[in-house]
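Read top to bottom, the protein sequences are chains L and V. With our numbering, letter number 281 in the first sequence gets 287, and the count goes up by one each step, no holes. With our numbering, letter number 90 in the second sequence gets 96, and the count goes up by one each step, no holes. Glycine included, every Cβ here is placed at the ideal spot set by N, Cα and C. Note that the structure is a prediction, hence the values are computed from the model and not measured. Please read the structure below before turning to the comments.
Number of protein chains: 2
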Amino acid sequence: MRRLPALILSLGLTAGSALGATSPPPQSLDAILSSAPASAWRDIPQDRLIYLRLPKGLVVIEVAPRFAPDHVANLRLLAGARFFDGLTVARVQDDYVVQWGDAEARRPRGGALERLPPEFDHRFTADEPFTALPDLDTYAPQTGFTDGFPAARDPLSGQAWLTHCYGMVGVGRDNAADSGDASELYAVIGQAPRQLDRNVALMGRVIEGIDILSSLPRGHGPLGFYEKASEHTAILSLAFGDQLPADRQVHFQALRTDSSTFQALVQNRRYRQDAWYKAPAGRIDVCNVPLPVRVAP
Amino acid sequence: MRRLPALILSLGLTAGSALGATSPPPQSLDAILSSAPASAWRDIPQDRLIYLRLPKGLVVIEVAPRFAPDHVANLRLLAGARFFDGLTVARVQDDYVVQWGDAEARRPRGGALERLPPEFDHRFTADEPFTALPDLDTYAPQTGFTDGFPAARDPLSGQAWLTHCYGMVGVGRDNAADSGDASELYAVIGQAPRQLDRNVALMGRVIEGIDILSSLPRGHGPLGFYEKASEHTAILSLAFGDQLPADRQVHFQALRTDSSTFQALVQNRRYRQDAWYKAPAGRIDVCNVPLPVRVAP
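Below is the structure:
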């Protein structure tokens with residue numbers, strides 16, 4: 007059976023042996039990750055995790071308070087008030103986004119605000135971590151990784167922002183820049199819609215269960231909204247990890263994007279060395295770099 | 007209900023009015039397309055169309071004989087021998103590819119070859135159409151569109167190739183460059199895996215029904231292969247349009263990528279002018295440019 011080579015999955019390493027090479031590549035991604043020191047992995051604290059329970063399983067999001075502190079704080083209040091429980095996934099637009107929640111829901115909001123400052127980008131500080139990629143990017147002067155998230159910078163203006171890569175989670179808004187309040191969220195499920203960068207607040211990334219969202223039936227109404235209520239997917243619950251009992255928390259670890267292991271991973275993905283590749287790209291897009299996450303061993 | 011702006015769908019125009027702007031944008035994508043002259047659209051002949059029938063509906067692929075003439079010809083022989091009918095979709099790897107067919111199937115092949123020249127790229131000629139994008143690309147010296155397909159060029163080496171954008175269809179192969187024979191095909195369903203460019207033969211693009219493929223349940227075996235036969239999706243039939251009776255053919259038209267209408271569309275997508283966008287990108291990736299297709303009016 008002929009195969010295309012593997013993409014690394016967010017959990018679980020891909021089987022290098024499935025590539026069909028008769029001799030192992032010089033340094034496989036599996037080898038890079040399995041030989042990483044413990045210090046290359048960071049624990050994700052429960053207050054940085056959102057657990058979105060759907061009938062088909064669990065979706066887990068890591069939030070990015072450095073980039074969207076007010077949105078994360080507001081979402082925490084909404085989640086604490088069980089604002090989302092019983093709402094639905096109402097929109098699945100192919101090659102674009104899955105969207106859930108409801109900005110018009112008349113539900114307890116736990117004191118959450120109805121308007122927030124945009125948080126589309128911010129002025130980066132000298133001590134803000136940023137692992138830059140050397141490669142050209144269509145949309146930004148510079149791309150790389152901050153706190154494990156794909157990001158971009160403009161060194162001239164001193165601004166930094168998160169990039170709309172597959173699995174990134176943002177906040178729906180109306181035309182007014184301050185009209186997003188985290189009561190309606192979306193996750194990217196297609197080609198990175200980078201034209202949204204700096205136009206909307208990104209607040210996290212799906213680290214587990216993106217396939218549950220991306221394999222939902224597409225909506226056939228305008229903008230990919232479902233036409234019938236029966237098509238919606240129910241949200242069983244949405245809560246931060248520290249709002250859940252301990253037996254429902256999962257201990258995730260993410261590869262540090264400021265580690266030498268991550269640097270080796272990026273080089274491995276820029277220059278594929280296994281027997282399948284005939285013309286390694288020697289380049290990589292910020293949205294093609296795998297960001298490994300595992301359940302703590 | 008808060009919304010993100012629309013992506014154009016491959017069939018059917020998006021509702022500009024759903025963006026919530028109180029006054030219409032200077033020139034909407036809808037307006038650009040609805041005012042296009044008939045000459046901006048090209049008919050796609052039936053011998054350039056593959057009809058892949060699945061239980062959930064029809065997937066239609068336009069083939070690209072300029073880039074992969076031998077693969078298209080071989081696929082025509084396989085399809086004519088009903089090689090694919092009764093085979094399955096065996097692999098759905100999230101954010102990567104859907105794969106179908108079976109290189110090991112012991113079935114009538116209609117004289118199709120078992121090995122083909124790679125057709126990963128070719129030397130472009132002076133009269134080969136190419137609508138170049140002005141924007142930087144991470145992977146290629148130049149990107150643009152040829153015959154309605156996303157493509158790239160290296161002006162120094164004189165080579166041209168198709169790019170692995172969402173919905174593009176390629177030919178699975180083993181490690182040997184000539185081991186692909188079009189008996190196993192894949193479609194891209196995630197972030198463009200551009201590292202595959204020039205490493206594998208792309209032979210077409212899904213112009214209808216990509217959502218049927220992209221919403222299939224993901225496989226949880228290695229490389230996204232299904233672990234159980236019961237998970238596979240049956241292929242009811244795969245045939246070129248001219249191999250089908252007239253009443254099963256659909257008359258598709260595609261926007262010419264060498265038309266002034268397409269140029270206006272690209273500019274519209276580079277500089278979003280509706281009220282939702284606060285910071286238009288002024289740039290676009292070759293894989294973010296919509297390639298409109300319609301059923302002939």
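Distance from the CA atom of V/Pro71 to the CA atom of L/Gly164, rounded to whole angstroms, is 47 Å.
Within a 10 Å sphere around the beta-carbon of L/Gln99 sit 16 or more other beta-carbons, which makes this residue buried. In the structure shown, the three-state DSSP call for V/Ala245 is strand. By the C-beta density criterion, L/Glu233 is exposed, having fewer than 16 other C-beta atoms within 10 angstroms.
DSSP places V/Thr263 in no alpha helix (DSSP H); its state is neither H nor E.
The straight-line gap separating the alpha-carbon atoms of L/Glu237 and V/Asp76 is approximately 43 Å. The C-alpha of V/Leu35 is placed about 15 Å away from the C-alpha of V/Ile290. In the displayed model, L/His77 falls within a helix according to three-state DSSP. Taking C-alpha positions only, L/Pro286 is separated from V/Ile195 by approximately 21 Å. Contact between the stretch 223 to 230 of chain V and the stretch 127 to 147 of chain V is absent: fewer than 3 CB-CB pairs across the two stretches fall below 8 Å.
By the Cβ-count criterion, L/Ser40 is exposed, with fewer than 16 other Cβ atoms from all chains shown falling within 10 Å of its own Cβ.
With respect to chain L, the C-beta atom of V/Asn294 has a partner C-beta closer than 8 Å. Residue burial is scored here from C-beta neighbours: V/Asp133 has fewer than 16 other C-beta atoms within 10 angstroms and is therefore classed as exposed. Taking the beta carbon of L/Leu222 as reference, the chain V residues within 8 Å of it are Ser221, listed in sequence order. Counting the other Cβ atoms within 10 Å of the Cβ of V/Val301 gives fewer than 16, which makes it exposed. Pairwise C-beta distances place the stretch 96 to 116 of chain V out of contact with the stretch 149 to 161 of chain V, as fewer than three of them are shorter than 8 Å. In the three-state scheme derived from DSSP, where H, G and I count as helix and E and B as strand, V/Leu271 is classed as helix. Within the stretch 141 to 153 of chain L, Asp141, Leu142, Asp143, Thr144, Tyr145 place their CB atoms closer than 8 Å to a CB of chain V, listed in sequence order. Comparing C-alpha distances from L/Val272 to each of L/Trp167, L/Cys293, L/Asp203, L/Leu122 shows the shortest one belongs to L/Cys293. In the DSSP assignment, L/Ile38 falls within the unbroken alpha helix (DSSP H) covering 35 to 40. Between the alpha carbons of L/Arg278 and L/Asp49 lies a distance of about 29 Å.
Linking L/Pro43 to L/Ser266 through their CA atoms gives a straight-line distance of about 10 Å. For the stretch 154 to 175 of chain L, the set of residues with a beta-carbon nearer than 8 Å to any beta-carbon of chain V comprises Cys171, Tyr172, Gly173, in chain order.
Considering only beta carbons, the part of the stretch 203 to 214 of chain L lying closer than 8 Å to chain V consists of Asp203, Arg204, Asn205, Val206, in chain order.
Using a Cβ-Cβ cut-off of 8 Å, L/Trp106 does not count as an interface residue toward chain V, since no Cβ of chain V sits closer than that to its own. Comparing alpha-carbon positions, the option among V/Thr263, V/Ile216, V/Leu297 lying closest to V/Arg59 turns out to be V/Ile216.
For the stretch 256 to 285 of chain V, the set of positions with a beta-carbon nearer than 9 Å to some beta-carbon of chain L reads Arg275, Arg276, Arg278, Asp280, Ala281, Trp282, Tyr283, Lys284, Ala285 in chain order.
By the Cβ test, the stretch 83 to 93 of chain L is not in contact with the stretch 176 to 185 of chain L, since fewer than three Cβ pairs between them sit closer than 8 Å. Between the alpha carbons of V/Pro61 and V/Gly116 lies a distance of about 25 Å. By DSSP's assignment, V/Leu191 forms a beta bridge with V/Trp106, V/Val177. The three-state secondary structure of V/Pro43, taken from DSSP, is coil. CA-to-CA, the gap between V/Leu81 and V/Ser189 works out to about 7 Å.
L/Asn274 has its alpha-carbon roughly 8 Å from the corresponding atom of L/Gln33.
V/Ile216 has a beta carbon lying within less than 8 Å of a beta carbon in chain L. Under the Cβ distance rule, V/Ala198 counts among the residues neighbouring chain L, one pair being separated by less than 8 Å.
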